[in-house]
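Notes follow once the structure below has been shown.
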Amino acid sequence: MKEHARFMATQPGFISVNLRRSKDGGHVVNYVQWTNPEKLAAAHHSPEFRKKWPRFGEIVREIEPRLYEVVHVEAA
């Protein structure tokens, strides 16, 4: 996941990534922010991405990817 995050950080439209692991080690949350969904899709379909992660299409069926809209942010 860290290697995947480092690659995505170099792609156009990338804003940030947060990887979170549950205390029991059974789950990982990959929270990624992009400027828009089209740039995220372009990064996933780039030849370099497909070469590094050829099984991504299979893996995505096992995870539960969702796109969310930011409705509120509050920071200290």
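My numbering applies: residue 2 is where the sequence shown begins, and numbers increase by one.
We treat Cβ as the ideally placed atom computed from N, Cα and C, and that holds for glycine.
Cβ neighbours of residue i in the same chain (closer than 8 angstroms, five flanking residues each side left out)
{"i": "methionine 2", "result": "Leu20, Val29, Asn31"}
{"i": "valine 72", "result": "none"}
Nonlocal neighbours in the same chain, by C-beta distance under 7 angstroms from residue i, ignoring five residues either side
{"i": "phenylalanine 15", "result": "Met9, Trp35"}
{"i": "proline 13", "result": "Lys40"}
{"i": "proline 38", "result": "Leu68"}
{"i": "lysine 53", "result": "Phe8"}
Coil, strand or helix - residue i by DSSP
{"i": "arginine 22", "result": "strand"}
Host beta strand (DSSP E) of residue i (start-end)
{"i": "asparagine 31", "result": "29 to 35"}
Cutoff 6 angstroms; reference residue i; Cβ partners in own chain excluding five residues on either side
{"i": "valine 18", "result": "Ala6, Val33"}
Residue range of the unbroken alpha helix (DSSP H) whose run includes residue i
{"i": "aspartate 39", "result": "Before going further, note that residue 39 is glutamate rather than aspartate in the sequence given. Segment 38 to 46, the alpha helix (DSSP H) holding glutamate 39."}
{"i": "histidine 5", "result": "3 to 9"}
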